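Student: Would you mind keeping the following structure in view while I ask a few things?
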């Protein structure tokens, strides 16, 4: 057989149809070719493979033993190639077993994932979700290389080559336990700045703004606890007189479950915009488009 670099893929497609139809006229009709073109392709196949492949019979053409021997392998190769080429251009959520990797913070997981997973369990039961932290991976590179599908949050490093879509804006509120000295009555800027705080210092979130607000007003020194993520914060709040400043949606998601009170932040702090990011390489990827649509459907305001 000829070297792989000399193989014309179109000839293998002709072989597949010829093996199935056993008639050059029907193959020409299926492939949108002239009958002489099909005959010429078969002649090239014979030269390439060193075998007659198809012989004249009473009705059409009959495959040789060699053609019978390779037909299954040719079909397998072409089917696998078709599946590979169509993978990014079609997506059936109900049948898909695809894994999607999405960069988000633990706060994003708390607010976004329950609703998303509930939706996927009904519409895409085989789809798997993996979340990653941008401070644990080089996010820009991972998205450029297709190893991370989407990112949700504040990612100023994702500019050239990336698309983004606004999902929602969030204001900040203060969370504290029921019965906290500041859970009722006057809660002004002076009361806020004199309180003891938990400061969440997660990277690429708006929480650095809160630390800067406290620092600017000379109150950062009075914070009692600094943590790198939000996971333990509700448990700590429910049993102490600390308070924490978080985004409103997260507070509403957390307050009732942990017996907490959310009060408006008495200091001026700009709202934070939460965006959905994806790389231009996957802009037309059917699966990525579908997942983006799920996030937009659930969370766009």
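In the UniProt record's numbering, the protein residues as written are 1 to 301.
Ideal placement from N, C-alpha and C gives every residue a C-beta, glycine not left out.
Predicted, not measured: the structure shown is a model, and the values here were computed from it.
1. Using a 10 Å radius around the Cβ and a threshold of 16 neighbouring Cβ atoms, would you call residue 301 buried or exposed?
2. Can you find at least 3 beta carbon pairs, one from the segment 187-202 and one from the segment 151-165, that sit closer than 8 Å?
3. Looking at the structure shown, is residue 171 part of a helix, part of a strand, or coil, going by DSSP?
4. Using the Cβ count rule (16 or more neighbours within 10 Å means buried), how would you classify residue 1?
5. Which runs of the alpha helix (DSSP H) at least 4 residues long sit entirely within the segment 40-124? Give them in chain order.
6. Can you give me the Cβ contacts of residue 166 inside the same chain, cut-off strictly under 7 Å, excluding the 5 residues immediately before and after it?
7. Would residue 158 and residue 299 be called neighbours here (beta carbons separated by less than 8 Å)?
8. Could you check how far apart the C-beta atoms of residue 248 and residue 171 are, in whole angstroms? I think they sit under 8 Å.
9. Quick check on residue 104 - is its C-beta less than 8 Å from some C-beta in chain C?
10. For residue 295, which of 114, 56, 27, 34 has the nearest alpha-carbon?
11. Pick out the complete alpha helix (DSSP H) segments inside the segment 177-260, 4 residues or longer, and give them in chain order.
12. Does the segment 122-133 touch the segment 88-106, meaning 3 or more C-beta pairs lie closer than 8 Å?
13. Does the segment 218-228 touch the segment 254-263, meaning 3 or more C-beta pairs lie closer than 8 Å?
14. Could you have a look at residue 292 and say whether DSSP puts it in helix, strand or coil?
15. Per DSSP, residue 150 is paired with what?
Tutor: In terms of the structure at hand:
1. Burial call: exposed.
2. Because the criterion of three Cβ pairs below 8 Å is not met, the segment 187-202 and the segment 151-165 do not touch.
3. Looking at residue 171 - three-state DSSP - the assignment turns out to be coil, as it is neither helix nor strand.
4. At residue 1 the pLDDT is 46, less than 50, meaning the model places this residue with poor confidence; the figure from the coordinates comes in the next sentence. Exposed: under 16 other Cβ atoms inside 10 Å.
5. Listed in chain order, they are 65-87, 106-123.
6. Same-chain partners within the cutoff: 273, 275.
7. Not closer than 8 Å, so no.
8. Separation of the CB atoms of residue 248 and residue 171 is rounded to 5 Å, and the pair is thereby assigned contact status at 8 Å.
9. Absent from the structure: chain C. Only one protein chain is present.
10. For residue 295, the nearest C-alpha among the options comes from 114.
11. Counting whole runs of 4 or more residues, the segment 177-260 contains the alpha helix (DSSP H) stretches 189-194, 207-216, 233-237, 248-258.
12. Contact between the segment 88-106 and the segment 122-133 is present: 3 or more CB-CB pairs across the two stretches fall below 8 Å.
13. Contact annotation: the segment 254-263 does not touch the segment 218-228, with fewer than three C-beta pairs closer than 8 Å.
14. If DSSP states are grouped into helix, strand and coil, residue 292 belongs with the helices.
15. Under DSSP, residue 150 takes part in a beta bridge, and its partners are 102.
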